[in-house]
Structures are given as C-alpha cells and as structure tokens.
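Trainee: With the UniProt record's numbering applied, the sequence shown closes on residue 742, and no number is skipped along the way.
First, the structure itself, so that you have it in front of you.
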Amino acid sequence: METTTDIKKATLPVTGMSCAACAVSVESMLSHTEGITNAAVNYANQSVSVSYDPELVDFAAMDRVLQSIGYGLIIEENEEDAIAEQEKIQQEHYQKLKNKAIYTGILTLPVVVLGMFLMDWEYANYIMLALTIPVLFVFGQDFFANAWKQAQHGKANMDTLVALSTGVAFLFSTFNTFFPAFWHARGLHPHVYFEAAAVIIFFILLGKLMEERAKSNTSDALKKLIGLQPKTVRVYRDGVETEVPARDVRMGDEVIIRSGEKIPVDGKVASGSSFVDESLMTGEPIPAEKKPGDNVFAGTLNQTGSFTFIAEKVGKQTVLAQIIKTVQAAQGSKAPVQRLADRIAGIFVPVVIGIAILTFITWMLLGGENAITHAMLTGVSVLVIACPCALGLATPTAMMVGVGKGAENNILIRDAESLEKAYKVDAVILDKTGTLTEGRPEVTDWKWISTLEDRDLHLAAVKTLEARSEHPLAQAIEQYIEDDTQIAVSDFQSITGSGIRGIAGGSEYIIGTLKFLEKEHIDIAPELQAAYEVLTAQAKTVIGIAINGRHAALVAIADQLKPTSREAVQKLHAQGIEVHMLTGDNAQTAAAVASQVGIDSFQAEVKPDDKMQFVKKLQAQGKTVAMVGDGINDSQALAQADVSVAMGKGSDIAMDVAKMTLITSDLLALPKALRLSQKTVVTIKQNLFWAFIYNIIGIPIAAGILYPLNGFLLDPMIAGAAMALSSVSVVMNSLRLKGARL
C-alpha cells in the first residue's frame with residue numbers, strides 16, 4: 001500500500017465474480033462509495049485496485065458494500081495469507097461448480113428426451129416439472145439469488161438474464177401444466193418449455209466450468225515470490241544469537257546465514273565467505289562469490305560456506321519487494337479486450353430485458369384477440385433466445401482448444417490477452433542465459449600438451465580432486481570426465497576464488513585460473529597459447545591444469561548455445577520482427593553470443609529494472625513487445641511486456657508471470673506460438689461474431705418481426721433449441737483449431 005498525501009492505494013482479492021458484468025457491478029458500487037476516489041477491477045485475476053481516503057472508508061466498509069450485491073473482499077494483513085485464502089476459495093468454487101454441472105446434466109437429459117420425443121405422454125409434463133425444479137432452484141439457485149441482490153441495487157448482470165429467461169419459461173410451463181384448459185379454450189395448445197429452462201441452466205453451468213478451468217492456471221507468482229523469503233532468520237542482538245521472524249529484521253541487524261539458507265533482506269557481507277545463487281537478480285547460472293564488503297539480496301540462496309551480513313534494506317525496500325510490487329501492478333492493469341468485454345456486458349443485459357418488455361407491451365397493444373398469447377410467447381422467446389450461452393462459451397472454448405493445440409507443440413498459452421496480442425508482436429526481447437543458451441556451465445574444450453602421457457590417469461585424478469571442491473565450475477569438470485576411478489588424495493587445498501591443489505596418484509596438481517597458476521610460477525605452455533587466445537575471444541571461462549609444476553592442459557567452460565537458437569532468430573527476422581538480447585553477463589560474452597545467433601541489437605550487464613525500462617522504451621515507440629526469459633530477474637520485464645514468454649526449464653516465477661511458456665525451452669516454439677496466437681484469436685473473433693449475429697438476428701425474429709409479413713411466430717421451444725445450437729456451433733468452431741497447421 002502506498003500513501004500519496006491522504007489517499008492510499010491497495011489491491012485486494014474479490015470473491016463471487018462470475019462474469020465481466022460482475023466486474024462492472026463491483027467497480028460501480030465501490031466507485032460510488034464515499035471515500036473511494038477510484039476503483040478498477042481485474043476480472044482475470046479476481047482483484048480490485050482501489051484509491052481511498054482511510055479517514056472516510058476502510059476495507060471492512062468496502063467489504064460490506066460488496067456483500068450487499070453478492071460479492072466480497074479477502075482482507076488479510078499478510079499478502080501471502082490473502083493469496084492463499086483466495087486460492088482456497090477458487091478451488092472450492094471450481095469443485096462445487098463441477099458437481100453442479102454434473103448433477104444438472106444428469107437431470108436435464110431425461111427432461112430433453114421427454115420434451116423432444118415424448119411430449120404427448122400423459123405424465124411427461126409432471127415428470128419434467130419434477131426434474132426441472134432441482135435444476136433451477138437447487139443447482140441453479142445462485143443465478144436467482146445473485147439476480148435478486150443485483151435488482152435490489154438497480155443493477156443487472158448475466159445472472160439476471162439467466163434468472164429471467166429460465167424463471168419465466170418455468171412459470172409459464174408450470175401454469176400450462178396445471179391449467180391447460182386456459183389455452184384450449186382459446187384454440188391453442190399449452191406448450192411447456194421445461195427442457196429449454198433446464199438446458200439453459202446446464203449450458204451456463206458448463207460454460208462457467210469451462211471458463212474456470214481455463215482460468216485455473218491463474219498466476220500465483222506473487223505467492224511464490226513472497227515465499228522466497230524465509231519465515232525465520234538468526235540475528236545478533238546485544239551480542240546474543242536470536243531467531244526472529246524475517247519480517248522483524250531491522251536495518252543494522254547483523255544477520256547470520258549458513259549453508260543452504262535463503263537470504264531474507266538486502267545487505268552487505270560483514271564476515272565470512274561463500275557462493276550465492278543470484279539467478280534471481282542476474283539470471284546467470286554460476287553462483288557469485290561473496291566476501292566482506294559484497295552486496296547480498298533478499299530471496300537469493302546461499303550454497304556453500306557461511307557468513308554474516310548487515311541488513312541495509314528491509315521490508316518493502318528490498319529489491320525482491322520491488323519486483324513483487326511491479327509484478328502486482330502490471331498484472332492488475334486492464335487489457336483493452338477486458339475493457340471491451342466490460343462495456344459489452346454492461347449494456348447487453350439491460351438491452352435484452354428492455355427488448356423483452358417492449359415486445360410484450362407491443363403485442364399486448366397490437367396483438368388483437370391473441371394479444372396475451374402472442375405477448376407471452378414472444379416475451380419468453382426473446383429472453384430464451386438471448387440467453388448469453390454462446391457469448392459465455394466463445395472465448396473459453398477457443399482458449400481451451402488453443403491451449404491443447406499449443407501443448408501438442410510445446411507451447412503453454414495462459415490467457416486471452418496473450419492470444420489477442422501475440423500475433424501483433426513486432427519486437428522480441430530475448431534473455432541470454434536459459435533462453436538462447438542452455439543455462440548451465442559445461443566443458444566445451446579440453447586441450448592437453450602433446451607430450452603428456454597417461455592422460456586417462458590424469459583425468460581420473462582431476463575428477464577426484466574436483467569432487468572435493470566447492471567451486472560451482474568444479475561440477476562442470478566433474479560431470480565432463482566419465483572415468484569414475486578413485487585416486488588417493490593428500491594435501492588437498494581449496495583457495496577461494498582461485499582454484500585447488502593437491503597430490504593424487506603420486507603427482508601434484510594445481511587447477512584454477514591462469515592468474516593462480518602464474519602466482520605458483522607456472523607459465524602457460526607455448527603450444528597452448530594460441531588455443532587460449534581463441535577460447536578467451538569466444539568469451540569462455542578458461543581453467544588451467546598444472547601437473548608436477550608444469551602446465552599440462554587448458555579447460556574451457558561456457559554456457560552453451562541451444563542448437564535451435566540461431567534458426568529461431570532467423571525465423572523471427574523472416575517474419576519482420578525485431579530481435580533484441582538483454583543479459584546480466586559481461587559485454588564480451590554478450591557480444592559473442594549475439595554474433596553466433598545473428599542478433600545485432602544487444603545490451604550487457606543489465607539489471608531486472610533495466611530490462612523493464614527497455615521494454616517500456618520499445619512500447620513508447622509504438623512496438624508490440626514480446627519478452628522471453630527464464631529467470632526471476634526477468635519477471636519485471638515479463639510483467640511489463642505486451643506478451644510475456646517463459647522458457648519451460650526456467651524458474652517457476654518466470655513461468656507464472658509469463659502469459660506463454662515454451663515447455664521444452666526450444667526457442668523454435670516461439671514462431672509457432674505467434675502463428676498459433678493468430679489462429680486462436682481469429683477463432684475467438686469468429687465465435688464472438690456469430691454469437692452477436694445470432695442475437696442480432698434471433699432477437700428480432702423472437703420478438704415477432706416476421707409475423708406481419710408471413711405469420712411466423714417463433715416458438716419458445718425452437719428458441720431454446722436455437723440457443724443450444726448457437727452454443728454448440730461456437731464449440732464446434734473452436735474444435736476446428738485442433739486440425740490447424742502451425
């Protein structure tokens with residue numbers, strides 16, 4: 001929460017929202033509450049951002065306002081608790097919705113069979129009535145309850161339309177069941193429409209279930225980011241080691257960090273040394289050495305050794321907290337497609353209700369001797385045929401098929417916003433480590449001097465020695481050597497930041513940087529000098545091996561390029577897309593990688609915030625930007641980008657923030673993702689088009705516009721069938737995506 005003069009801002013989870021019109025209602029109620037200057041609801045992540053005067057209104061008052069129309073707020077002091085509570089409520093809601101859809105389907109099937117094929121059976125109407133009652137008033141009771149709460153405040157949403165259409169159809173059918181003589185006396189057959197009412201409830205519940213399933217991967221990035229901080233930590237206070245909650249760490253505290261522990265706050269090392277996994281901040285796979293005077297950051301992981309540091313930034317001042325804040329703000333912003341859906345939902349329901357009322361009045365005035373009959377039939381038909389099933393299914397069904405198609409091609413698509421924007425992308429930003437490269441150090445070259453004998457024995461000795469080293473690069477050398485022969489070792493020493501030495505198999509080995517070897521008065525072998533220059537020009541880390549005081553070998557270690565990276569960049573260029581590379585690595589390594597993959601635009605030694613600012617810079621130029629990354633350090637830029645893409649082998653945080661994930665980390669999947677986006681968004685637009693055309697054509701016909709021309713009056717049963725057909729047509733159109741070629 002931030003304070004600007006006396007106005008505060010907060011983002012709170014909202015419960016009970018089931019459609020875009022619900023978001024409109026929540027926004028409207030809060031915006032008109034005294035003390036709230038602004039309210040913006042994000043239906044996708046079920047939250048509301050409010051600006052309010054704490055002297056006039058508090059969270060409890062906001063919650064009471066929303067509860068009056070069927071919604072609520074999750075109010076927790078701790079963000080992690082609020083997110084956990086929201087997740088629990090969403091899971092319970094999904095399971096309840098699933099059960100309702102199943103039981104409704106079981107009851108609706110015999111109603112449809114009776115209504116369509118056995119309507120003349122003497123007891124058909126009574127059986128349909130008995131089966132429809134639990135469908136509407138047990139499994140569909142939320143529609144009626146929510147519609148009533150909305151009506152009490154002069155508002156309407158999709159629940160209102162569902163309740164009106166099914167309620168009127170049910171009451172009309174019940175009347176006809178018990179009083180058929182009323183219609184017989186007027187020369188008309190007393191039709192019943194129980195199957196239409198039941199089918200409407202079933203399709204709406206099914207549509208909501210599909211939508212909830214499509215939204216089930218809603219990002220829990222904030223929860224995981226917050227979870228990076230340890231619950232408790234040890235500090236020195238008054239000379240005594242004390243364990244305190246991480247949130248209670250104060251500036252100036254001396255914090256104790258042991259092997260394998262997470263760092264709770266930002267600070268500076270006071271004593272000791274270690275290697276810390278800082279991929280959170282840099283994205284680089286090689287842990288950074290930490291010694292007195294070096295900075296450490298909250299959320300990073302200590303690997304070996306132990307140290308103490310002085311806390312300099314705590315609470316919401318840490319870099320991790322700033323990342324959380326940025327991600328939260330970016331996720332809470334509204335996409336244009338969401339605002340459009342809000343506007344449509346805001347006018348669709350009242351317009352349909354108005355048309356139904358106008359239709360009823362018109363027929364009552366102009367219908368002649370059949371006025372009441374025609375008025376009732378047309379009014380019900382308008383409400384039934386305008387039921388928003390097709391609109392409700394248009395996006396989630398296309399999304400689900402698109403997601404399935406993407407999964408077949410190693411692409412995970414997370415939401416409609418990414419589907420809408422991805423095919424418009426004209427600038428792609430690629431992280432280096434883990435995106436263009438494999439994301440782990442590997443031995444790429446091993447150069448021996450030509451005169452060295454017994455190389456297999458020396459390899460076994462080097463592996464045995466490296467197994468005792470704590471340096472991260474030692475693991476790469478150890479994995480490279482396949483020989484598992486154990487060699488006796490003595491006089492082993494590890495020199496922090498330089499290398500190791502020891503006696504193995506009767507020979508003395510010194511392994512480390514060439515500067516370390518120089519200090520030991522060992523010069524590089526003349527025949528390896530040219531190889532050393534080539535390897536360093538390729539931005540590889542070069543390790544020297546000396547045996548018995550003589551230089552014997554060079555080992556080059558690098559983060560290898562993925563085999564498909566260059567081809568992927570070429571395909572993006574062929575599509576007319578700009579490609580940029582950003583990395584926290586040094587300029588020499590960045591230039592080498594950029595050259596190998598064919599990227600002209602790159603920046604080195606960039607921090608998380610720098611990546612986000614670069615995204616903003618391109619957006620200011622009118623570009624639609626896709627950010628591709630794999631680390632927590634990319635999460636700010638991923639959240640800011642128009643389309644965010646995570647590599648599947650990257651961090652959970654990057655995958656949660658990103659709207660797309662390339663599951664196998666094969667960058668060739670990115671061009672496919674852009675093509676899949678185009679095909680999926682076209683399908684969504686087709687669905688929405690046909691859903692609206694269906695209503696634009698169907699509502700006037702249901703209202704009786706053709707009656708003066710040819711005497712045609714739409715039967716509510718046909719209207720119910722048309723409604724069902726519209727939903728089925730939307731689903732079938734979505735299923736065509738399964739056969740699309742990428």
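Glycine included, C-beta positions come from ideal geometry on N, C-alpha and C.
Considering only their Cβ atoms, is the gap separating histidine 580 from serine 601 smaller than 7 Å?
Mentor: Yes; because the gap between Cβ atoms is below 7 Å, this pair is in contact.
Trainee: Taking the alpha carbon of glutamine 575 as the point to measure from, which residue in Pro671, Val24, Ala124, Asp610 has its own alpha carbon closest?
Mentor: Measuring from the Cα of glutamine 575, the nearest candidate turns out to be Pro671.
Trainee: Let me know the secondary structure DSSP gives aspartate 559 once reduced to three states.
Mentor: In this structure, aspartate 559 counts as strand in the three-state DSSP scheme.
Trainee: Mapping the DSSP letters down to three states, classify threonine 15 as helix, strand or coil.
Mentor: Strand, per DSSP.
Trainee: Where leucine 131 and lysine 149 are concerned, what is the direct C-alpha to C-alpha distance, given to the nearest angstrom?
Mentor: Distance between the alpha carbons of leucine 131 and lysine 149: 26 Å.
Trainee: Does valine 269 pass the burial test, meaning 16 or more other C-beta atoms within 10 Å, or should it be called exposed?
Mentor: The residue is buried, with at least 16 neighbouring Cβ atoms inside 10 Å.
Trainee: Kindly list the residues whose CB is nearer than 6 Å to the CB of residue 752, restricted to its own chain and excluding five residues on each side of it in sequence; keep chain order.
Mentor: What is shown of the chain runs 1 to 742, which leaves residue 752 out entirely.
Trainee: Distance, Cα to Cα, isoleucine 693 vs lysine 685?
Mentor: Roughly 12 Å separates the two Cα atoms.
Trainee: For alanine 590 versus alanine 604, is the C-beta spacing smaller than 7 Å?
Mentor: Yes; because the gap between Cβ atoms is below 7 Å, this pair is in contact.
Trainee: Can you list the alpha helix (DSSP H) stretches of 4 or more residues lying completely in the region 502-556, in chain order?
Mentor: Counting whole runs of 4 or more residues, the region 502-556 contains the alpha helix (DSSP H) stretches 514-519, 529-537.
Trainee: Going by DSSP, what residues sit across from glutamate 578 in a beta bridge?
Mentor: Ala427.
Trainee: Taking a contact to mean a Cβ-Cβ separation below 7 Å, would you say alanine 163 touches phenylalanine 144 in this structure?
Mentor: Yes. Within cutoff.
Trainee: Say whether the region 440-449 touches the region 469-489, bearing in mind that this needs 3 or more beta-carbon pairs closer than 8 Å, one atom from each stretch.
Mentor: Flag = yes, the region 440-449 and the region 469-489 touch.
Trainee: By the 10 Å Cβ neighbour count, where 16 or more other Cβ atoms means buried, how is serine 216 classified, buried or exposed?
Mentor: A caution first: serine 216 carries a pLDDT of 48, below 50, which makes its placement in the model unreliable, though a value can still be read off. The residue in question, serine 216, is exposed, as its Cβ has fewer than 16 Cβ neighbours within 10 Å.
Trainee: Where do the N-terminal and C-terminal ends of the beta strand (DSSP E) with aspartate 585 fall, by residue?
Mentor: Run containing aspartate 585: none; DSSP gives neither H nor E here.
Trainee: Pick out whichever of Lys405, Ser31, Leu572, Lys432 has its Cα sitting closest to the Cα of tyrosine 423.
Mentor: Comparing Cα positions, the closest option is Leu572.
Trainee: Mind checking phenylalanine 117: buried by the 16 CB within 10 Å criterion, or exposed?
Mentor: Exposed.
Trainee: Pick from Ile481, Ile500, Thr496: whose alpha carbon is nearest that of serine 490?
Mentor: Out of Ile481, Ile500, Thr496, Ile500 has the C-alpha closest to the C-alpha of serine 490.
Trainee: Taking all protein chains shown into account, decide if serine 450 is buried (16 or more other Cβ within 10 angstroms of its Cβ) or exposed.
Mentor: By the neighbour-count rule (16 or more Cβ atoms within 10 Å), serine 450 is not buried but exposed.
Trainee: At what residue ranges does the region 583-624 contain a whole run of the alpha helix (DSSP H), taking only runs of 4 or more?
Mentor: Within the region 583-624, the complete alpha helix (DSSP H) runs of at least 4 residues are 587-597, 608-620.
Trainee: If you measure between the beta carbons of isoleucine 511 and glutamate 520, is that distance less than 7 Å?
Mentor: Going by C-beta atoms, isoleucine 511 is not nearer than 7 Å to glutamate 520.
Trainee: For glutamine 493, which residues of its own chain have a beta-carbon under 6 Å away from its beta-carbon, when the five flanking residues on both sides are left out?
Mentor: Excluding sequence neighbours, glutamine 493 sits near Arg501.
Trainee: Spatial neighbours of phenylalanine 202 within its chain, please: C-beta separation below 6 Å, excluding the five flanking residues on both sides.
Mentor: Around phenylalanine 202: Thr104, Gly105, Thr108.
Trainee: Using the rule of at least 16 other Cβ atoms within 10 Å of the residue's Cβ for burial, across every protein chain shown, is alanine 537 buried or exposed?
Mentor: Flag for alanine 537 reads exposed.
Trainee: Can you give me the C-alpha to C-alpha distance between residue 743 and histidine 471, rounded to a whole angstrom?
Mentor: Past the boundaries of the shown model lies residue 743; the chain is included only from 1 to 742, so the question cannot be answered.
Trainee: If you draw a straight line from the C-alpha of lysine 290 to the C-alpha of glutamine 229, how long is it?
Mentor: Approximately 19 Å, taken between the alpha carbons.
Trainee: Can you tell me which residues form a DSSP beta bridge with asparagine 295?
Mentor: Lys268, per the DSSP bridge assignment.
Trainee: Cβ of glycine 402 within 7 Å of Cβ of leucine 737?
Mentor: A contact, by the Cβ cut-off of 7 Å.
Trainee: With distances taken Cα to Cα, identify the nearest neighbour of aspartate 610 among Gln486, Asp431, Asp454.
Mentor: The residue with the shortest Cα to Cα distance from aspartate 610 is Asp431.
Trainee: Which whole-angstrom value describes the C-beta separation of glutamate 27 and alanine 10, a residue pair presumed to lie in contact below a C-beta threshold of 8 Å?
Mentor: The Cβ separation is near 15 Å, so there is no contact.
Trainee: Excluding the five sequence neighbours on either side, which residues of its own chain have a C-beta within less than 8 Å of the C-beta of phenylalanine 614, listed in chain order?
Mentor: Cβ neighbours of phenylalanine 614 beyond the five flanking positions: Ile429, His580, Leu582, Gln603, Val606, Ala637.
Trainee: With distances taken Cα to Cα, identify the nearest neighbour of threonine 664 among Leu412, Leu365, Arg247.
Mentor: Selected option, being the one with the closest Cα: Leu412.
Trainee: Taking only runs of the beta strand (DSSP E) that begin and end inside the region 458-504, which ones reach a length of at least 3 residues, in chain order?
Mentor: Entirely contained in the region 458-504, the beta strand (DSSP E) runs reaching 3 residues are, in chain order, 489-495, 499-504.
Trainee: For glutamate 466, count neighbouring C-beta atoms within 10 Å of its own C-beta (all shown protein chains included) and say buried if the count is 16 or more, exposed if not.
Mentor: Per the 10 Å Cβ criterion, buried.
Trainee: When you compare the CB positions of aspartate 559 and threonine 437, do they come within less than 7 Å of one another, or not?
Mentor: Yes; because the gap between Cβ atoms is below 7 Å, this pair is in contact.
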